[in-house]
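K.L.:
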Amino acid sequence: MKTNSVVLAIVLFVLMIAVAAADDFTFSGDRVSSVFARGRERTLLSGHARIRSDKNVITANEIELFGKDSTFAICRGNVRFINVERGLELTCEELFYDREQKVIRVKGNAIMADRENEVIVKGGFIEHHEETDISVIQIGVRILKEDMVCRAEFATYIREKDQLELTGMPVVYWKGDEYRASKIYIDLNKDEVKLEGSVEGQITSEEEEKKEPEPLAPGKTPPPVEPDKTPPPSEPTPAPIASPESEEGEE
Numbered sequence: 226m227k228t229n230s231v232v233l234a235i236v237l238f239v240l241m242i243a244v245a246a247a248d249d250f251t252f253s254g255d256r257v258s259s260v261f262a263r264g265r266e267r268t269l270l271s272g273h274a275r276i277r278s279d280k281n282v283i284t285a286n287e288i289e290l291f292g293k294d295s296t297f298a299i300c301r302g303n304v305r306f307i308n309v310e311r312g313l314e315l316t317c318e319e320l321f322y323d324r325e326q327k328v329i330r331v332k333g334n335a336i337m338a339d340r341e342n343e344v345i346v347k348g349g350f351i352e353h354h355e356e357t358d359i360s361v362i363q364i365g366v367r368i369l370k371e372d373m374v375c376r377a378e379f380a381t382y383i384r385e386k387d388q389l390e391l392t393g394m395p396v397v398y399w400k401g402d403e404y405r406a407s408k409i410y411i412d413l414n415k416d417e418v419k420l421e422g423s424v425e426g427q428i429t430s431e432e433e434e435k436k437e438p439e440p441l442a443p444g445k446t447p448p449p450v451e452p453d454k455t456p457p458p459s460e461p462t463p464a465p466i467a468s469p470e471s472e473e474g475e476e
């Protein structure tokens, strides 16, 4: 039994060295189990599972590595992906990572925090391509930045240019204004919004936001209120008309 454990530890160590040499890739966990049968190579990390590839660090309750040289990873439970160099962080319930193609797919309460551009992206599914630095977001998309809120069913976020493309009943609330269209393009650097198809908008001017009743000038009295000249109903014994003061007292 001890011999098998030693052999397994040596094999895992050799595997880690081989993979790390190709891509600076390391992994760890409280428990590790592996399958080395050709064509079915898999390594399961559980309990404080952690992998590191290049500048990326991924932590989760459970991480499964598979494919040649552990190219692919499926992470489950309290998943967190961090790239400090790019200022990018992803949290979700499940994450798929392709180290060769540099593609990340996350689902289940997916949130992407772009610290560099101060943008928060939320959706049911997010796919991020590291080579192009482009993210595709689907299902209940929410994008937040300072005084801007975007909602849509589909969005493309180009981080390098800080641009957004929204489709699927998109709506943008920006600095008190509201924009709706079939497609909405936003340049976050230039503060520009471009609308295409079925365009609707509601602009709130600063004057309307700040409009208040004008105060009376010093010493000026308000204009007198003209008395009600409507004749009383023609009845044998008309009831007296209640004054405004008495009505307020009854209330």
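Just so we're on the same page, the numbering used here is the position in the sequence shown counted from 1, plus 225. Beta carbons: idealized from backbone N, C-alpha and C, even for Gly. Note that the structure is a prediction, hence the values are computed from the model and not measured.
#1: Is E294 helix, strand or coil when you go by DSSP?
#2: Any beta carbon of chain C sitting closer than 8 Å to that of E355?
#3: Answer with buried or exposed for R204, where buried requires no fewer than 16 other C-beta atoms within 10 angstroms of its C-beta.
#4: Who are the near neighbours of S423 in its chain, counting only those whose CB is closer than 8 Å to its CB and skipping five residues on each side?
#5: Closest by CA to I351, which one among E341, V344, I329, N342?
#6: Kindly indicate the opening and closing residues of the beta strand (DSSP E) around I383.
#7: Between G272 and I368, what straight-line distance do the alpha-carbon atoms span, to the nearest angstrom?
#8: Nearest CA to the CA of A285: which residue from M373, H354, V331, D412?
#9: Excluding the 5 residues preceding and the 5 following L315 in the sequence, name in chain order all residues of the same chain whose CB lies nearer than 6 Å to its CB.
#10: Give me, in chain order, the residues of the same chain whose beta-carbon lies closer than 6 Å to that of E341; leave out the 5 immediate sequence neighbours on both sides.
#11: I need the straight-line Cα distance from G264 to S295, nearest angstrom please.
#12: Can you check the region 336-360 for any beta strand (DSSP E) of at least 3 residues that lies completely inside it and give the ranges in chain order?
#13: For D387, which of M394, S360, K400, G365 has the nearest alpha-carbon?
#14: Which of the three DSSP states, helix, strand or coil, is assigned to N308?
#15: Pick helix, strand or coil for Q363, following the three-state DSSP scheme.
#16: By how many angstroms is the C-alpha of S258 removed from the C-alpha of A274?
#17: Report the rounded CA-to-CA distance for L237 versus A262, giving the unit in angstroms.
#18: Can you tell me which of D416, L391, M394 puts its alpha carbon nearest to the alpha carbon of K400?
#19: Quick check on this structure: which residue in F250, L270, R267 has the alpha carbon closest to the alpha carbon of S278?
#20: According to DSSP, L270 sits in a beta bridge with which residue or residues?
#21: Could you check what DSSP says for E325 in three-state terms: helix, strand or coil?
P.N.:
Once the coordinates are examined:
#1: Within the sequence shown, the letter at position 69 stands for residue 294. Contrary to the premise, residue 294 reads as Asp rather than Glu in this sequence. Of the three classes helix, strand and coil, the one that applies to D294 here is helix, per DSSP.
#2: Absent here is chain C; the protein component of the structure consists of one chain.
#3: Any answer about residue 204 is impossible in this case: the structure gives the chain only from 226 up to 476.
#4: Looking up residue 423 in the sequence shown gives position 198. Contacts found: R405, A406, S407.
#5: The residue given as residue 351 occupies position 126 in the sequence shown. Checked all of E341, V344, I329, N342; the closest Cα to I351 is I329.
#6: Here residue 383 is taken as the residue at index 158 of the sequence shown, counted from 1. Note, I383: beta strand (DSSP E), 373-383.
#7: Mapped onto the sequence shown, residue 272 falls at position 47. Mapped onto the sequence shown, residue 368 falls at position 143. About 32 Å.
#8: For the purposes of this step, residue 285 is taken as the residue at position 60 of the sequence shown. Out of M373, H354, V331, D412, V331 has the C-alpha closest to the C-alpha of A285.
#9: Working through the sequence shown from its first residue, we reach residue 315 at position 90. Cβ within range, chain order: F306, V331, M337.
#10: In the sequence shown, counting from the first residue as 1, residue 341 sits at position 116. Closer than 6 Å at Cβ, skipping near neighbours: G312.
#11: Taking the sequence shown and counting its residues from 1, the one referred to as residue 264 is at position 39. Taking the sequence shown and counting its residues from 1, the one referred to as residue 295 is at position 70. In a straight line, the C-alpha of G264 is about 12 Å away from that of S295.
#12: 344-354
#13: Position 162 of the sequence shown, counted from the start, is the residue given in the question as residue 387. Taking only the C-alpha atoms, the option nearest D387 is S360.
#14: On the sequence shown, position 83 is the one that residue 308 refers to. Strand.
#15: In the sequence shown, residue 363 corresponds to position 138, counting from 1. Three-state DSSP puts Q363 in a strand.
#16: On the sequence shown, residue 274 is found 49 positions in, with the first residue counted as 1. On the sequence shown, residue 258 is found 33 positions in, with the first residue counted as 1. C-alpha separation (whole angstroms): 12 Å.
#17: Indexing the sequence shown from 1 puts residue 237 at position 12. Indexing the sequence shown from 1 puts residue 262 at position 37. In this prediction, L237 scores a pLDDT of 47, lower than 50, which makes its location untrustworthy; no coordinate-derived value is stated.
#18: Position 175 of the sequence shown, counted from the first residue, corresponds to residue 400. Per the Cα distances, D416.
#19: In the sequence shown, counting from the first residue as 1, residue 278 sits at position 53. Ranking the options by Cα distance to S278, first place goes to F250.
#20: Against the sequence shown, residue 270 aligns to sequence position 45. Its beta-bridge partners are V257, I288.
#21: As a first step, residue 325 is located in the sequence shown; it is residue number 100 there, counting from the start. Residue state, collapsed to three classes: coil.
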